[in-house]
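Quick notes on the structure that follows.
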Amino acid sequence: MAFASLPKNPVVAVAGATGAVGREMLLVLEQLEFPAARVVALASKRSAGATLPFAGGELTVEEMRPESFEGVDIALFSAGAEVSRQMRPAVVAAGAVMIDNSSAFRMEPDVPLVVPEVNPDDAFAHHGVIANPNCSTIQMVVALGPLHRVASLKRVVVATYQAASGAGAAAMDELYNQSRQFLDGEELDIKHFAHRIAFNCIPQIDVFLDDGSTKEEWKMVVETKKILHAPEVEVAVSCVRVPVLRCHAEALHVEFEAPISVEQARGVLAAAEGVVLMDDPAEKTYPMPGLLAGTDPVYVGRLRKDPTVEHGLAFWNVADQLRKGAALNAVQIAQLLLTR
Ligand code: HSE
């Protein structure tokens, strides 16, 4: 099926509008002044009739049904993989472009996996569905992409420090509530994480795979290769949930094929789209997840040589998981589609 070009002022549906990412999608559409003719908020039957603030007014949430997509040009989805799978045929049949935040379609060869700063051209090869990568992948490739272009990545070793927001709004509430319960000496309610998250770190995100890694770790490996068009790059990942509300952080050790100095990398990152270099050890300046919630860039700091390999660099990055890691990246893909 060939997709017609989008109107200048598309009708936009936000599917999963009442969730943490859905709400942020509405906020980003408003803040970026996305030129939507109309925005439709869709969610499960349970949330139908609720109101959400939007652009100085309110949107009434409608129950998401296959018919909801008639007349829609762009459907931003963040309602879980199962709902995305169920609704995909209706969205595509309606001629809308689905920009999907779930993991349902990311590795399908015909589905572009897009980070606009890194692989914008891929977006235009879509067949009705474009996937938004996993949050921890997005913030990593925004920094790695420009370095890869100058010195070719060979191997990436990364440990993540992922916020509660990655598990949804209820998981953020769980972190709040458990912290209070812990300090008050009460019994802790544990529902959304495998263990207590308050005053703890959990080295498990998503399910375990047969090789002992987790699905979150696997996603970061395969998605990074797909986005960078670099199947040869080796990626080793450990993902950890930490008691932070909404910014993910990552510690990276990167080996390149070609020589690259710290000064050169600093210049590349300072000029890179979507990156803010926050790196002044003398002033104890580096990005910290507790202080950057609600902001858009991927912040990079602690940039230094990794002397254990021939062409090595180490650095640390932080980004708001709900913004660049999810809602902002999805809306940026929609903006990108309107440019051609
Ligand atoms: N899988 C991520 C997390 C959310 O659990 O933090 C990414 O969208």
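Numbering (our numbering), first residue to last: 169 to 508. For glycine and all other residues, C-beta sits at the position ideal for the given N, C-alpha and C. Treat the numbers as computed from the prediction; the structure is a model and nothing was measured.
query, result
"For Asp436 versus Tyr467, is the C-beta distance shorter than 7 angstroms?", "The question names Asp, but residue 436 in the sequence shown is Val. No, the Cβ-Cβ distance between Val436 and Tyr467 is not below 7 angstroms."
"Thinking C-alpha only, which one of Leu174, Gly225, Gly217 and Leu281 is nearest Leu194?", "Gly225"
"Give every residue of the same chain whose Cβ lies closer than 6 angstroms to the Cβ of Gln432, excluding the five residues on either side of it in the sequence, and list them in chain order.", "none"
"Thinking C-alpha only, which one of Asp352, Ala366, Val324 and Pro465 is nearest Glu342?", "Ala366"
"Is DSSP giving Pro371 helix, strand or coil here?", "coil"
"With distances taken from CA atoms, which of Ser347, Lys383, Ile370 and Val324 is nearest Glu400?", "Val324"
"From Asp464 to Gly442, what does the alpha carbon distance come to, in whole angstroms?", "8 angstroms"
"From Ala261, Asn302, Ile242 and His295, pick the residue whose C-alpha is nearest to that of Gly493; which is it?", "Asn302"
"May I ask you to check if the CB of Cys303 is nearer than 6 angstroms to at least one heavy atom of the ligand HSE?", "yes"
"Rounded to whole angstroms, what is the Cα-Cα separation between Ala272 and Thr228?", "27 angstroms"
"Between Gly469, Leu210 and Leu377, which has its C-alpha nearest Glu451's C-alpha?", "Gly469"
"So, for Met169: in the same chain, excluding its five sequence neighbours on each side, which residues have a beta-carbon less than 8 angstroms away from its beta-carbon?", "Confidence at Met169 is low in this model, with a pLDDT of 47, below 50, so the placement of that residue is unreliable and no value is reported for it."
"Starting from Trp484, follow its DSSP beta bridges and name the residues at the other end.", "Ala419 and Gly469"
"Ignore the nearest five residues each way along the sequence and tell me which others in Arg472's own chain have a CB closer than 8 angstroms to its CB.", "Val430, Leu481, Ala482 and Phe483"
"I'd like to confirm something about Ala335: is its beta-carbon nearer than 6 angstroms to some heavy atom of the ligand HSE, or not?", "yes"
"Can you list, in chain order, the residues of its chain with a C-beta nearer than 6 angstroms to that of Ala209? Leave out the 5 residues immediately preceding and following it.", "Val182, Ala185, Leu220, Leu227 and Val229"
"Near Arg253, what residues of its chain come up, given a Cβ to Cβ distance below 6 angstroms and the 5 sequence neighbours on each side ignored?", "Ala272"
"Does the beta-carbon of Asp268 have 16 or more other beta-carbons within 10 angstroms, so that it is buried, or is it exposed?", "buried"
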